[in-house]
Amino acid sequence: MGTNTDKPKKVYLDNMANTPPDPRVIDEMIPHLKNDFGNPLNIHSFGQQTQQAIEDSRQKVAEMVNAQPKEIIFTSCGTESNNFAVKGLARANQKRGNHLISSSIEHFSILYPLKELEKEGFDVTYLPVDKNGIIDPSSLKNAITDKTILVTLTHASNEIGTLEPINEIGMITREKGILFHVDGMQTAGTIPVDVKALNIDALSLAANLFYGPTGAAALYLKQGTRILPFLLGGTQEEGKRAGTNNISGIVGMGKAAELARLEMGERNKKLVAMRDRLIKELPRVIDDFFITGHPSNRLPGHVSGCVKFVEGESMSMFLDMEGVAVSTGSACVSKALKASHVLLAIGVSPEVVHGSLVFSFGKDNEEADVDYVLEKLPPIVERLRKLSPLKKDK
Amino acid sequence: MGTNTDKPKKVYLDNMANTPPDPRVIDEMIPHLKNDFGNPLNIHSFGQQTQQAIEDSRQKVAEMVNAQPKEIIFTSCGTESNNFAVKGLARANQKRGNHLISSSIEHFSILYPLKELEKEGFDVTYLPVDKNGIIDPSSLKNAITDKTILVTLTHASNEIGTLEPINEIGMITREKGILFHVDGMQTAGTIPVDVKALNIDALSLAANLFYGPTGAAALYLKQGTRILPFLLGGTQEEGKRAGTNNISGIVGMGKAAELARLEMGERNKKLVAMRDRLIKELPRVIDDFFITGHPSNRLPGHVSGCVKFVEGESMSMFLDMEGVAVSTGSACVSKALKASHVLLAIGVSPEVVHGSLVFSFGKDNEEADVDYVLEKLPPIVERLRKLSPLKKDK
Amino acid sequence: MSPNYSEKVMEHFKNPRNVGEIDNPDGVGKVGNPQCGDIMEMQIKVKDNVIADVKFRTFGCAAAIATSSIATEMIKGKTIEEALKLTNKAVVEALEGLPPVKIHCSVLAEDAIKAAIDDYLRKSTGTGLQGWTPRSDVEEEEHGHQH
Amino acid sequence: MSPNYSEKVMEHFKNPRNVGEIDNPDGVGKVGNPQCGDIMEMQIKVKDNVIADVKFRTFGCAAAIATSSIATEMIKGKTIEEALKLTNKAVVEALEGLPPVKIHCSVLAEDAIKAAIDDYLRKSTGTGLQGWTPRSDVEEEEHGHQH
Ligand SMILES: Cc1ncc(COP(=O)(O)O)c(C=O)c1O
Ligand SMILES: Cc1ncc(COP(=O)(O)O)c(C=O)c1O
Numbered sequence: 400m401g402t403n404t405d406k407p408k409k410v411y412l413d414n415m416a417n418t419p420p421d422p423r424v425i426d427e428m429i430p431h432l433k434n435d436f437g438n439p440l441n442i443h444s445f446g447q448q449t450q451q452a453i454e455d456s457r458q459k460v461a462e463m464v465n466a467q468p469k470e471i472i473f474t475s476c477g478t479e480s481n482n483f484a485v486k487g488l489a490r491a492n493q494k495r496g497n498h499l500i501s502s503s504i505e506h507f508s509i510l511y512p513l514k515e516l517e518k519e520g521f522d523v524t525y526l527p528v529d530k531n532g533i534i535d536p537s538s539l540k541n542a543i544t545d546k547t548i549l550v551t552l553t554h555a556s557n558e559i560g561t562l563e564p565i566n567e568i569g570m571i572t573r574e575k576g577i578l579f580h581v582d583g584m585q586t587a588g589t590i591p592v593d594v595k596a597l598n599i600d601a602l603s604l605a606a607n608l609f610y611g612p613t614g615a616a617a618l619y620l621k622q623g624t625r626i627l628p629f630l631l632g633g634t635q636e637e638g639k640r641a642g643t644n645n646i647s648g649i650v651g652m653g654k655a656a657e658l659a660r661l662e663m664g665e666r667n668k669k670l671v672a673m674r675d676r677l678i679k680e681l682p683r684v685i686d687d688f689f690i691t692g693h694p695s696n697r698l699p700g701h702v703s704g705c706v707k708f709v710e711g712e713s714m715s716m717f718l719d720m721e722g723v724a725v726s727t728g729s730a731c732v733s734k735a736l737k738a739s740h741v742l743l744a745i746g747v748s749p750e751v752v753h754g755s756l757v758f759s760f761g762k763d764n765e766e767a768d769v770d771y772v773l774e775k776l777p778p779i780v781e782r783l784r785k786l787s788p789l790k791k792d793k
Numbered sequence: 400m401g402t403n404t405d406k407p408k409k410v411y412l413d414n415m416a417n418t419p420p421d422p423r424v425i426d427e428m429i430p431h432l433k434n435d436f437g438n439p440l441n442i443h444s445f446g447q448q449t450q451q452a453i454e455d456s457r458q459k460v461a462e463m464v465n466a467q468p469k470e471i472i473f474t475s476c477g478t479e480s481n482n483f484a485v486k487g488l489a490r491a492n493q494k495r496g497n498h499l500i501s502s503s504i505e506h507f508s509i510l511y512p513l514k515e516l517e518k519e520g521f522d523v524t525y526l527p528v529d530k531n532g533i534i535d536p537s538s539l540k541n542a543i544t545d546k547t548i549l550v551t552l553t554h555a556s557n558e559i560g561t562l563e564p565i566n567e568i569g570m571i572t573r574e575k576g577i578l579f580h581v582d583g584m585q586t587a588g589t590i591p592v593d594v595k596a597l598n599i600d601a602l603s604l605a606a607n608l609f610y611g612p613t614g615a616a617a618l619y620l621k622q623g624t625r626i627l628p629f630l631l632g633g634t635q636e637e638g639k640r641a642g643t644n645n646i647s648g649i650v651g652m653g654k655a656a657e658l659a660r661l662e663m664g665e666r667n668k669k670l671v672a673m674r675d676r677l678i679k680e681l682p683r684v685i686d687d688f689f690i691t692g693h694p695s696n697r698l699p700g701h702v703s704g705c706v707k708f709v710e711g712e713s714m715s716m717f718l719d720m721e722g723v724a725v726s727t728g729s730a731c732v733s734k735a736l737k738a739s740h741v742l743l744a745i746g747v748s749p750e751v752v753h754g755s756l757v758f759s760f761g762k763d764n765e766e767a768d769v770d771y772v773l774e775k776l777p778p779i780v781e782r783l784r785k786l787s788p789l790k791k792d793k
Numbered sequence: 008m009s010p011n012y013s014e015k016v017m018e019h020f021k022n023p024r025n026v027g028e029i030d031n032p033d034g035v036g037k038v039g040n041p042q043c044g045d046i047m048e049m050q051i052k053v054k055d056n057v058i059a060d061v062k063f064r065t066f067g068c069a070a071a072i073a074t075s076s077i078a079t080e081m082i083k084g085k086t087i088e089e090a091l092k093l094t095n096k097a098v099v100e101a102l103e104g105l106p107p108v109k110i111h112c113s114v115l116a117e118d119a120i121k122a123a124i125d126d127y128l129r130k131s132t133g134t135g136l137q138g139w140t141p142r143s144d145v146e147e148e149e150h151g152h153q154h
Numbered sequence: 008m009s010p011n012y013s014e015k016v017m018e019h020f021k022n023p024r025n026v027g028e029i030d031n032p033d034g035v036g037k038v039g040n041p042q043c044g045d046i047m048e049m050q051i052k053v054k055d056n057v058i059a060d061v062k063f064r065t066f067g068c069a070a071a072i073a074t075s076s077i078a079t080e081m082i083k084g085k086t087i088e089e090a091l092k093l094t095n096k097a098v099v100e101a102l103e104g105l106p107p108v109k110i111h112c113s114v115l116a117e118d119a120i121k122a123a124i125d126d127y128l129r130k131s132t133g134t135g136l137q138g139w140t141p142r143s144d145v146e147e148e149e150h151g152h153q154h
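Protein chains in written order, with the numbering used here: chain A, 400 to 793; chain B, 400 to 793; chain C, 8 to 154; chain D, 8 to 154.
Here's what the structure looks like:
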C-alpha cells in the first residue's frame, strides 16, 4: 500500500470484505500446513499434536473476546456461524417460545435463515433503525413478548459501519432471560468485544476480518447454552460442529486473534484518523455526496456514502483502474446488485442507493491513501455524471 | 516415513482419516495465502485475481472427476458436502416423492441428516450389505418405489474399504430417473471416479484425503440438478453455497486434484502392493485375527481387521508408542467409541468389533512400514491378551 | 462470480460513443427506472427515414453504459426499419458477450431504441410503434431486481 | 477431543499392577459386557476380613486398564469395609483425572470391587452385599453406549 513510484499505486480499501492476512499469521500457519495432517479425533500422537494446535488457537480466540476456550466453536466462515447460531438457537429453544427479534439492517446470512424459520412457524420482529442506522434499545424492549426466545443483531453492518448499542441491549436480554446472538463479523478483532461484559450468549466472528486467513471463523457460545448442531456427523468441536477442521486456518485465526488483542488500540488510532479525514473531505470535494451511517459512532476504518446521479459499479470500476479497491452496496453480495436493504432501512432513497460506496481502511493503509482517493474520485464522478440522465432532471 | 535411525521411527498409517499434504500443494498455496485477500465477489482487480485462482482450481477439480467446472461447488469439509447433498437434494425434490435409499454402512455425516429427514416425513430404506460389505444392486432395485427420489451411498466406507458397485447402481438410478448421490470421500482423488461414466448426479469429495489441505472440500452437482442451498446468505458459488471461500484451501485442493489425476496410477501400484502384503501377513503373525471388508475389491491402501479378545484403543496406543499411527473403529468418530455400525452391518460380533484396527497407507509409505507393523503389532496383542479376561473364556 | 467483462465492453465503458443530447431531437426514449439502478435515455434525429444522429445518456453499471454506447453505433445511419430489427442478442454479440446477470442491460438498450423510435413515430405519424411495450419493464419482475 | 490421559493413567496402562488370576479366589467380580467394549474381572483373597490379595484382568481401553490397576492397589491390605468405601471419584482422583468420556471406566472399577466382595460375602455368609446392584450397568443405558 506504500508509495511505490515504479508500479501503479495499489490502494486496497475493501478491508470490511476481507483483510490482507498479516505475514506473522502466515508464518504461523505454514508449519502446520506441512505437519498437521493427523486427524485430531484420533488418539495417536499425530492427531494429538494437531489437537494441541487447535486448542492453543481456541485459547487465543477465547481471550480476544473474554470467553472460555470451551465456549469457542470453530466454523468455516461467518455465514456458517450466523446460520448455525440463528437456526441452532431458535430450534433448540423452541419449546420456550417461537418469537425472534432481529433488525432491518442484518446481513443476508442472518436474514435468510430467519426467513426459513418463519416458514417453520417462528415469528420474527425486524426492528427499524434511525437515519444513522441505530437500533433503539427501547423499541427492542417493547418488541419483547413472553414468547421471545432469541434476539439476533449485528454489532455493526458492513454497509454503514454504525456501532449498535449492544451493551444496552445485552442488559435487557439478560434481564428478561432471552438469548442474545450478535453478528460480530465486523467488530470482533477490530474493536474490543467482551462477551461477558456485554452479556452476549453467542457471537459470530471470522478471521478474515482481522488479518487472519479466509476459511476460518468461529461461534462463541456461552457455556450451557442449548443449540442444535448445524453440521451433523462427527464428534468434532464437542459434537457441536462435525467435519474435519481447517487446521492451518484455525492456527492462523489464533495468531490473528492474539495480534488483534495486543495491537488493536494502536491500529485503531491510525484507522480513526484516516476515516475521519475522508469523512470530512469527501463531501467537500464531491457535490451531492453524503455520508451514510453514523458520522462518528462507527467502525474505526469505515467510511460509507452515496454519490448522487451516478451508479456504484461504474465508479468502483474506474477507481479500480486507478488501483483503488472499494465496495459498492453490500460487499458480500456485490454480485446481487440489488438495492441494498440496509441503505433503504436508513431512509436513503432508492435511486441514490445505487450510488453507494464503502471505503474500508485496514492496518496497512496510510494517510497518503486518503489523499489518493480524494484526488482520483472527483474526476471519475464528474465523468460519469456527464453520462448520466439523472443529474439534469434534478 | 523413511528409515531414519536417529529419531524414533514414525509410521503414519491413518491416511484414510487425513493425508499429509503434498509439498507441491503447500508451495502452491503459500502465495495465495499472502496475496489473495480480495473478496472474489467484488469487482475490483484484487477480487478478480482471487476469483481467477478459485476458477482455475475449480477447473482442476472438475477434470479429476470428469465434470464441468460449473458443476463443482466448493465447501469446507466432507461433512458439509454430505449434509448439503442429502438435505438439499431431498428437500428440493420433495414434490416428486418422499422416499430415500441409503445403506447400513454410511458415514454419520450421511446418517444423521437422513435421521433429520425422517423426522420431517421422509422414508428411508437402509440397504443391508453382505459379509464383505458389498451393497447388492438388485436389492436396491427392489427397494425403489414410485416415491423414490434419491439414492445416497458411499463409494467406499473408511472403516472397511470395500468398493461398492457404483457403476451398476448408477445405471439403475439413471434409468429410473432417480437422483444418485455418492459419498466419494475415500475414492475421489484416490481411484478414478468419472461422474459421467458412473451416472452420478452428486459426489462429495475432500482435499485432505488426496494430499490436499484440510478445510477444502467440494460437491460435484450435475448441471441442472435442483438442490436447496445449505449455507444461506451471499451469492458465492453461484448462490449454492454462501460464505467467504477458503481461498488458499481451494487453491491447494486444485493442485492436489491435478496431482491426483496425473499420479494416481503410479501411487496405487505401490499402495496395492503394501496393502496386499499386510492383508496376507497379519493373519499369519497374529492368531484370531481376521480381515474385515472385501479381501481384494477394496481401496488401494486400505487394510482393516479385527483382533479378537483385545480392545482397539489400547492396541493403537501401544502402536503409537512405537511410532505407528492407525485408526480404531471409525477414524472420523474415534471419540464416540461406540461399537461401529459398519462392522456390525457386515456381521462382526459386538465383542469383536471393539478390537478393530484400520491401517491406511498413503503415497509416502514404504514397504519397510509393512515390516515394521508386522514386527511391532504381535507383541502388543500378546501383552494385551494376557490382560484380557476374554481369551480364556473362549 | 463478479462481472467478467469482455475487452469490448471495457472499451465502450471507458470510451463511450455518442454521449449526450441532441438539440431538438425527433425522438426520445427513456427506459429503466432509478430504483432498479439503470436508466437509459436515447435521442434520435431522423432524416428521410434514416437515423441521422443518435445520442445517449445512461445511469448504470459498466454493462449498461457499454450496451447503450454500442447500440448507438449499430443504429446510426440505419433506416428506422433496420434499427427496429436490432435485438438485444445482436448487442450482446457485438460486445463479445455479457455476464448472465448483465444480459438485462442489453434488453434495456434494445428497448431504449424502440422507445425513441416509438416517440418519433408518435410525433411524426400520430401513432406509435405497433403492439410494443418495453421488454425491460417485464424482465424487471422476472429477475426479481437481479440486474 | 481425543483422550488426554494423565501421566498416572499412562503409567498404569503401560505397567498395570496385580494382573492375573488368583488360585482359588474367595471372591470374583466380573462387570461390564463385551458389547460395550469394557469387561473387568476382579479376584480377591480375603484373610481375617482383610483383602490379602487382589488380581484383575480387563478388556478395554487405556482408562479401563488403568482404573482397574490402581483400584487393586487401593484396596490391597484394606478391610472389606474400607474397600467398600472406595468410590469411583477416589479412583479418578488417584489417577490425576480422567477425560469426561472415560469416567465410566472408574465406575466400572468401583463396581468390579463391589462385585468381588458381594461374591465373597455370598460364599462366606450366604447373603451378598445389601441393596447393591452394579452402577455400571445403569450408566450403560444413560450414556447411550458412549464409553
Ligand atoms: C466416507 C466418509 N464420509 C464422510 C467423511 C467426513 O468427512 P470430513 O471429516 O471431511 O467432514 C469421512 C471422513 O473421513 C469419510 O471417510
Ligand atoms: C456483518 C456481516 N455478517 C456476515 C458476513 C458473512 O461472512 P462470510 O462472508 O465470512 O461468510 C459478513 C461478511 O463480510 C458481514 O460483514
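Even for Gly, the Cβ is constructed at its ideal location relative to N, Cα and C. Only a predicted model underlies this, so the values are computations on that prediction, with no experimental measurement involved.
Proximity to residue i [Cα-Cα], best of the options
i: residue 58/D; options: 20/D, 110/D, 12/D, 25/D; result: 25/D
i: residue 554/A; options: 785/A, 594/A, 515/A; result: 594/A
i: residue 614/A; options: 739/A, 622/A, 646/A, 573/A; result: 646/A
i: residue 758/A; options: 726/A, 499/A, 588/A; result: 726/A
i: residue 462/B; options: 425/B, 591/B, 717/B; result: 591/B
i: residue 707/A; options: 671/A, 747/A, 571/A; result: 747/A
Cross-strand partners of residue i (DSSP beta bridge)
i: residue 39/C; result: 46/C
i: residue 475/A; result: Looking at the DSSP assignment, residue 475/A forms no beta bridge with any residue, so it has no partner.
i: residue 12/C; result: The partner list for residue 12/C (beta bridge, DSSP) is empty, contrary to what the question assumes.
i: residue 135/D; result: Note: residue 135/D sits in no beta bridge, so no partner.
i: residue 596/A; result: Its beta-bridge partners do not exist; DSSP assigns none.
i: residue 759/B; result: 413/B, 701/B
Worksheet entry | Length at least 4, wholly inside the segment 621-699 of chain A: the alpha helix (DSSP H) runs in chain order | 646-684
Practice prompt. Could I get the ranges of all uninterrupted beta strand (DSSP E) runs contained in the segment 42-128 of chain D, with 3 residues as the minimum, in chain order?
Written response: 45-54, 57-66
Worksheet item: Going along the segment 705-717 of chain B in order, which residues come within less than 9 angstroms of chain D, judged by CB to CB distance?
Response: 708, 709, 710, 711, 712, 713, 716, 717
Discussion item. Please give the ranges of any alpha helix (DSSP H) in the segment 489-544 of chain B, keeping only runs that are unbroken, at least 4 residues long and fully inside the region.
Written reply: Counting only runs of 4 or more, we get 507-518, 536-542.
Worksheet item: Given a limit of 9 angstroms on CB to CB distance, which residues of the segment 28-41 of chain C reach chain A?
Response: From the segment 28-41 of chain C, only 28, 37, 40, 41 have a Cβ closer than 9 angstroms to chain A.
Worksheet item: Which of the residues in the segment 748-772 of chain A, read from start to end, lie with their CB under 7 angstroms from any CB of chain C?
Response: Listed by position, the residues of the segment 748-772 of chain A near chain C (Cβ gap below 7 angstroms) are 749, 750, 753.
Worksheet item: If you measure beta-carbon to beta-carbon, which residues of the segment 500-515 of chain A are closer than 7 angstroms to chain C?
Response: none
Worksheet item: Taking a cut of 7 angstroms between CB atoms, which residues from the segment 611-625 of chain A lie near chain B?
Response: 612, 613, 614
Worksheet entry | Positions along the segment 546-580 of chain B whose CB lies within less than 8 angstroms of some CB in chain A | Of all residues in the segment 546-580 of chain B, none comes within less than 8 angstroms of chain A when Cβ atoms are compared.
Item to complete: For the segment 558-608 of chain A, list the alpha helix (DSSP H) runs that are entirely contained and at least 4 residues long, ordered along the chain.
Response: For the segment 558-608 of chain A, whole alpha helix (DSSP H) runs of length 4 or above, ordered along the chain, are 565-575.
Worksheet item: Which residues, in order along the segment 629-641 of chain B, keep a beta-carbon less than 7 angstroms from a beta-carbon of chain D?
Response: none
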